[in-house]
Each structure stands twice: as C-alpha cells, then as structure tokens.
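Student:
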Amino acid sequence: MTLLVGRRVLLVEDESLVAMLAEDMLVDLGCEVVVAMRLDKALAQARTGSFDLAVLDVNLGDARSYPIADLLFERRTPFLFATGYGRQGLEEAYKAVPVLQKPYQAAPLEHLLKRLLTGDAQARTGAGGSLMACACHTPAGQPIRADHCR
Numbered sequence: 001m002t003l004l005v006g007r008r009v010l011l012v013e014d015e016s017l018v019a020m021l022a023e024d025m026l027v028d029l030g031c032e033v034v035v036a037m038r039l040d041k042a043l044a045q046a047r048t049g050s051f052d053l054a055v056l057d058v059n060l061g062d063a064r065s066y067p068i069a070d071l072l073f074e075r076r077t078p079f080l081f082a083t084g085y086g087r088q089g090l091e092e093a094y095k096a097v098p099v100l101q102k103p104y105q106a107a108p109l110e111h112l113l114k115r116l117l118t119g120d121a122q123a124r125t126g127a128g129g130s131l132m133a134c135a136c137h138t139p140a141g142q143p144i145r146a147d148h149c150r
C-alpha cells in the first residue's frame, strides 16, 4: 500500500487533455481527484473542499493560480506547482514551492507528492537560500524530467 492511496487531490489544470492525463496518473497512484479547470472553480473547491494535496498549473489562461496557492497556504494544504517554465516562471514569493516540470510524468509526480506528505518538500530551501538536494532536482536546483528521476 502506497502513501498516496485514498488521498484527496485538488488538480487545477486549464487544458482538458492535460487535465485528463494528470487525473489518470493520480488515479493510478490511488488518489481521489477533484479537477478544477478555471480559477473561480478552483478557488471554490479550495475554500469548501477537504484535500490532502493539490497540484496547481501556474498559468490558467489569462490568470495565475497564486490566489489558490495563498488559500492552500492558509489552510495548510500541501501543494506543488506544475509548469513548463520551471522555477524561473514563478513569482518570487512562491519560489520555495515545489515545482513539477511539465509535461506531467508519473515518476516525478509521485515523488513530489510523497515528499509533500512527509513534509520534505516544504523544507527545500537551506541556509543562504540554496535548494537542498533531492532526486527530483539537479545539484543546481533545476527540476529534472522523469527519464532522469532516480
């Protein structure tokens, strides 16, 4: 039995095919998934729903998912950002949040979600602001793709 089985995950992704792919990956990991494809729907879910984890696409059409992130911070719900732009695509205030490099791939998704549940992912920044070592990042702190994941 894996750590992710039965966990409720809020998936915020505005591209329908990408959302279906990510949802399938999460279901394969044993998660119960709630998908929100627009900012207003995601905010409503984050306000009223009970989630163990969340996966947030950074860019939602002409909006960003930062208001959802702020709400999840308040509710102490662990989350990660998913983006094709990597960490450099994030506003400074969110740079400590774990980033899943798009396109979605199962191995790094599972790895980061497990790290979020064990509390490892939130303590990613070490003394002096440098990123700590992790199998999902290069020594320079850049996210790596699944084919390089250990």
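Under full-length UniProt numbering, the sequence shown has 3 at position 3, and the numbering climbs by one with no breaks. By construction, the Cβ of each residue, glycine as well, lies at the ideal position given by its N, Cα and C atoms.
1. Using CA atoms only, rank isn't needed, just tell me which of 49, 36, 25 and 86 is closest to residue 16.
2. What would DSSP say about residue 48, mapped onto helix, strand or coil?
3. What's the gap between the Cα of residue 19 and the Cα of residue 90?
4. Let me know if residue 73 comes out buried or exposed under the rule of 16 or more other beta-carbons within 10 Å of its beta-carbon.
5. Could you tell me whether the segment 76–94 touches the segment 26–40, using the rule of 3 or more Cβ pairs below 8 Å?
6. Quick check on the DSSP output: what are the complete alpha helix (DSSP H) runs of length 4 or more inside the UniProt domain "Response regulatory" (8–117), in order along the chain?
7. Closest by CA to residue 48, which one among 60, 110, 98 and 68?
8. In terms of alpha-carbon separation, which member of 71, 46 and 102 lies closest to residue 94?
9. Buried or exposed: which applies to residue 122, given that a residue is buried once 16 or more other Cβ atoms fall within 10 Å of its Cβ?
10. Only counting the same chain, and skipping five residues up and downstream in sequence, which positions put a Cβ closer than 8 Å to that of residue 145?
11. With residue 3 and residue 114 assumed to form a contact (beta carbons below 8 Å), what rounded beta-carbon distance in angstroms separates them?
12. Considering only the beta carbon of each residue, do residue 99 and residue 52 sit closer than 8 Å?
13. Residue 92: buried (16+ other C-beta within 10 angstroms of its C-beta) or exposed?
14. Decide if residue 57 is buried, meaning its Cβ has at least 16 other Cβ atoms within 10 Å, or exposed.
15. Compute the distance between the beta-carbons of residue 55 and residue 96, then report whether it is under 8 Å.
Tutor: So, from the listed chains and residues:
1. 36
2. helix
3. Those two C-alpha atoms are separated by around 20 Å.
4. Residue 73 comes out exposed.
5. Because the criterion of three Cβ pairs below 8 Å is not met, the segment 76–94 and the segment 26–40 do not touch.
6. Runs of the alpha helix (DSSP H) inside the UniProt domain "Response regulatory" (8–117): 16–28, 39–48 and 66–75.
7. 68
8. 71
9. Bear in mind that a pLDDT of 48 at residue 122, under 50, signals an unreliable position, so the number given afterwards is only what the model happens to contain. Looking at its Cβ environment, which holds fewer than 16 other Cβ atoms inside 10 Å, residue 122 is exposed.
10. Confidence at residue 145 is low in this model, with a pLDDT of 40, below 50, so the placement of that residue should be treated as unreliable; the coordinate-derived value is given next. These residues qualify, in order along the chain: 101, 105 and 108.
11. With a contact defined as Cβ atoms closer than 8 Å, residue 3 and residue 114 qualify at about 5 Å.
12. It is not a contact, given that the beta carbons lie outside the stated cut-off.
13. exposed
14. buried
15. no
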